[in-house]
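The structure appears below as structure tokens.
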Amino acid sequence: MRNAFINELHRLAAADERIFLLAGDLGFGVLDKFRQDYPDRFINAGVAEQNMTAVAAGLALEGRTVFTYSIGNFTTLRCLEQIRNCVAYHGANVKVISVGAGLSYGALGVTHHATEDLSIMRALPNMMVFSPADALEAVAIAKAVCEVEGACYIRLGKGRESLIHQRPIEGYEIGRAIKIFAGDDARIFSTGAIAFEALKAAESLRARGLSVGLYTFPTIKPIDRGVIEECARRCRLLVTVEENNIVSGFGSAVAEIISELDGRVAMLRRIGLRDEFASIVGSQEFLRRQYRLTREEIFALIEIALTDGGGGRAANHLVKYFLWDYLLSAFAAAIIFDRRAREQIFYFSAEVMQ
Amino acid sequence: MRSEELAWRIRRHVIEMAHTAHGSHVGSALSIADIVAVLYGEFVEPGALERRDKNRTRIVLSKGHAGAAIYAALAEIGLMPIEELKTHYADGSRLSGHVSHKGLTGVEVSTGSLGQGVGMAAGMALAGARDGLEYRTFVIAGDGECDEGAIWEMALFARQQRLNRLTLIVDRNELQAYGLTAEIMDLLDLGKKFEAFGWRAVDVDGHDHEQLRRALSKIDETRPTAVIAHTVKGKGVSFMENNNLWHYRDPQGADYENAVRELEACRP
Chain Z
1 MRNAFINELH RLAAADERIF LLAGDLGFGV LDKFRQDYPD RFINAGVAEQ
51 NMTAVAAGLA LEGRTVFTYS IGNFTTLRCL EQIRNCVAYH GANVKVISVG
101 AGLSYGALGV THHATEDLSI MRALPNMMVF SPADALEAVA IAKAVCEVEG
151 ACYIRLGKGR ESLIHQRPIE GYEIGRAIKI FAGDDARIFS TGAIAFEALK
201 AAESLRARGL SVGLYTFPTI KPIDRGVIEE CARRCRLLVT VEENNIVSGF
251 GSAVAEIISE LDGRVAMLRR IGLRDEFASI VGSQEFLRRQ YRLTREEIFA
301 LIEIALTDGG GGRAANHLVK YFLWDYLLSA FAAAIIFDRR AREQIFYFSA
351 EVMQ
Chain A
1001 MRSEELAWRI RRHVIEMAHT AHGSHVGSAL SIADIVAVLY GEFVEPGALE
1051 RRDKNRTRIV LSKGHAGAAI YAALAEIGLM PIEELKTHYA DGSRLSGHVS
1101 HKGLTGVEVS TGSLGQGVGM AAGMALAGAR DGLEYRTFVI AGDGECDEGA
1151 IWEMALFARQ QRLNRLTLIV DRNELQAYGL TAEIMDLLDL GKKFEAFGWR
1201 AVDVDGHDHE QLRRALSKID ETRPTAVIAH TVKGKGVSFM ENNNLWHYRD
1251 PQGADYENAV RELEACRP
């Protein structure tokens, strides 16, 4: 996803001389081609993200389209106030890129986990927020952000994300969700590379005969209100899946819209980090399991909810475990306390033995 | 208008604005009045600011709390009605306490959070350098503002990018919000610090227009310039000078009358 985005940016920069790329001394091996081909428009601003962001704003106010690049929280939270004041308030044409969405840099530790950025960047006025799910969405977003004037945040995975889409996304319009599957019992909304887990869960649920839809949201601000409203009215269940804190994140953005709708709307469940830091050491895959951000979790949540809003599943449980236990207990009690039952069982057993 | 006269008018407006609006940071605005007067009086062409010429001089006030001095200068050079100065701090006004660019000609950017205007100015200077334009970028920062790490990030960056048309003017009045800079975060010799960062640095009397003019006129071939302007906070009103109370208080009653009397007595 990262390389696809940067390659697309390289391609766009050939035709658009306004495009500048400022890096916070990261991107070794990734940005080299841009740097070689556009030496006047690539600046390594050093390990100094506050200055990099303010400089980007200054350049943008002089007519440039300026990308700032680093990983984790370095282009976002480290220089949040510069983003707020210098970039967003001024409506400066700055595109903030962070590589390492969610738990991408799992084993590097919590400083490198970008797990609140969606929440925080979304809260800034004038800021558009993008979170592509795969390389093809990343390419579409690269094009879209170059065409729009104003502040953008683009959250990228660090690479090797599985593809969700089969073919390039043509003419992506900012603010649109993308339908992957239709389905009317439940719909999953996902953003970022975790959407692949949602995709796998949806496939398994559909194989079980449940009508489960899936949408990716490459843009989470402005969010696709139309799709959310339509889904909220049509289905029983909506599930959001994000690799971000559920507090104020993507799921919250969906909840904000649903909570203001009149009438009967879908039940909403949000999957994401439950307001905690991922403090265990491990790969992205391992941490996703530890913090319950897996296809199995998504599957179980939807299956339980759809089988009678939990009631059907509960009945299953009752039959499988409790009822059986009850019969066994009753049987045992009869043996112990009832002489006639004891005798009957004794004769019955004797007959069987013969 | 001579820059000395412009400086006097700025001070006179600043007192009036703070009095009317119950505004704060009078001492800071008086401190930079001479710097602002020399810059707006001699280094900009008002028409170029109005037309937003590509080659206009860029002025950024990074210590945004002294915005009253900028508004006064803009009004005096004809970029906004003098009457409008009365709306400083007022509901619905364009003139916020910390300097705002929205809807105003002659203010490049809004500031107020310290250490940020300098980076934006560096970005503007960099754009000029890339475009091969001759314009200069001046940015005024406070000495207390130099506590901010972002100032020194910018100092490293500007030298690295050889932003020789960027000039930083530090309003070195030796006071910050809670007291003496020497007692809070001792900045020692700021000129030497900037020299150590690879800048050309000049120390001047920040109230001497001739010294300011000379220091601001020169640029180095490769290095950015830091003008350390030694100033007196509250300059021009005796009881406000070097008194940090006037970082916060607005002149009312006898204080207001005395301030006006003192200034009127030395009207150029």
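So the protein lines, in turn, are chains Z and A. With the first letter of the first sequence counted as 1, position 49 gets the number 49 in my numbering; the numbers rise by one all the way through. Start counting at 1 in the second sequence, then tack on 1000, and there's your number in my numbering. The C-beta atom is built at its ideal place from N, Cα and C for all residues, glycine as well. Only a predicted model underlies this, so the values are computations on that prediction, with no experimental measurement involved.
| request: Could you give the DSSP three-state label for residue 86/Z: helix, strand or coil? | output: helix
| query | What are the residues of the region 1076-1097 of chain A that lie near chain Z, defined by any Cβ-Cβ distance shorter than 9 Å? | reply | none
| field | C-beta neighbour in chain Z for residue 1185/A, strict 8 Å | value | no
| query | Can you tell me the Cα-Cα spacing of residue 1148/A and residue 1114/A, whole angstroms? | reply | If I take the Cα positions, the gap works out to 7 Å.
| task | Look at the alpha carbon of residue 1066/A and the alpha carbon of residue 1252/A, and state the distance between them as a whole number of angstroms. | result | Spanning the two alpha carbons is a distance of roughly 19 Å.
| message | Is the separation between the beta-carbon of residue 1026/A and that of residue 1250/A shorter than 8 Å? | response | yes
| By the 10 Å Cβ neighbour count, where 16 or more other Cβ atoms means buried, how is residue 97/Z classified, buried or exposed? | Counting Cβ neighbours within 10 Å, residue 97/Z comes out buried, since at least 16 surround it.
| query | So with Cβ pairs under 8 Å, would you call residue 1141/A a contact of chain Z? | reply | no
| chain B contact residues for residue 1138/A, given Cβ-Cβ distances below 7 Å | Structure shown: chain B not included; protein chains present are Z and A.
| query | Can you round the beta-carbon distance between residue 218/Z and residue 178/Z to whole angstroms, since I take them to be within the 8 Å contact cut? | reply | Residue 218/Z to residue 178/Z, Cβ: 7 Å. Contact.
| Using the rule of at least 16 other Cβ atoms within 10 Å of the residue's Cβ for burial, across every protein chain shown, is residue 254/Z buried or exposed? | Sixteen is the threshold: when 16 or more other Cβ atoms of the shown chains lie within 10 Å of the Cβ of residue 254/Z, as they do, the residue is buried.
| query | Checking contacts by CB at 8 Å: is residue 27/Z closer than that to chain A? | reply | no
| Nearest candidate by alpha-carbon position, reference residue 9/Z, set 86/Z, 220/Z, 138/Z and 286/Z | If we check each option's Cα against that of residue 9/Z, 138/Z comes out closest.
| field | 6 Å CB neighbourhood of residue 1005/A in its chain, flanking five on each side removed | value | 1268
| task | Alpha carbon to alpha carbon, how far is residue 81/Z from residue 300/Z? Give it in angstroms, no decimals. | result | 41 Å
| request: Please check if any C-beta of chain Z sits within less than 8 Å of the C-beta of residue 1153/A. | output: Among the CB atoms of chain Z, one or more fall inside 8 Å of the CB of residue 1153/A.
| Where residue 1065/A sits in the DSSP three-state scheme | helix
| query | If you draw a straight line from the C-alpha of residue 62/Z to the C-alpha of residue 1124/A, how long is it? | reply | 6 Å
| What does residue 86/Z reach in chain A if we use C-beta pairs closer than 8 Å? | At a C-beta separation below 8 Å, residue 86/Z has these neighbours in chain A: 1109, 1116, 1119 and 1120.
| field | Burial state of residue 1074/A (16 or more Cβ within 10 Å) | value | buried
| Under 8 Å, do residue 25/Z and residue 55/Z count as touching if we go by C-beta distance? | no
| message | Quick check on the DSSP output: the beta strand (DSSP E) that includes residue 69/Z runs from which residue to which? | response | 65-71
| message | In whole angstroms, give me the CA-to-CA distance for residue 205/Z and residue 1118/A. | response | 56 Å
| field | Where the region 50-70 of chain Z meets chain A: residues whose CB sits under 9 Å from a CB there | value | 50, 51, 52, 53, 54, 55, 56, 57, 58, 59, 60, 61, 62, 63, 64 and 66
| message | For residue 1264/A, count the other beta carbons within 10 Å of its own beta carbon; 16 or more makes it buried, fewer makes it exposed. Which is it? | response | exposed
| task | Tell me, please, whether the CB atom of residue 89/Z is closer than 8 Å to any CB atom in chain A? | result | yes
| query | Quick one: complete alpha helix (DSSP H) runs, 4+ long, within the region 1033-1119 of chain A? | reply | 1033-1038, 1046-1051 and 1067-1076
| task | Could you tell me which of 1226/A, 1128/A, 1097/A and 1008/A sits nearest to residue 1068/A, measuring between CA atoms? | result | It is 1097/A whose Cα lies nearest to the Cα of residue 1068/A.
| chain Z partners of residue 1130/A, CB-CB under 7 Å? | Per Cβ cutoff of 7 Å: 40.
| field | The alpha helix (DSSP H) enclosing residue 304/Z, as first and last residue numbers | value | 295-306
| request: Compare the C-beta of residue 1157/A against all C-beta atoms of chain Z and say whether one is closer than 8 Å. | output: At least one C-beta of chain Z is nearer than 8 Å to the C-beta of residue 1157/A.
| query | For residue 1008/A, is the classification buried or exposed, using 16 other Cβ atoms within 10 angstroms of its Cβ as the cut-off for buried? | reply | buried
| query | How long is the line joining the alpha carbons of residue 85/Z and residue 1050/A, rounded to whole angstroms? | reply | 24 Å
| Where residue 1158/A falls, given that 16 or more other Cβ within 10 Å makes a residue buried | buried
| Cross-chain neighbours of residue 45/Z in chain A, by beta carbon under 8 Å | 1157
| message | For a quick check, are the C-beta atoms of residue 163/Z and residue 134/Z less than 8 Å apart? | response | yes
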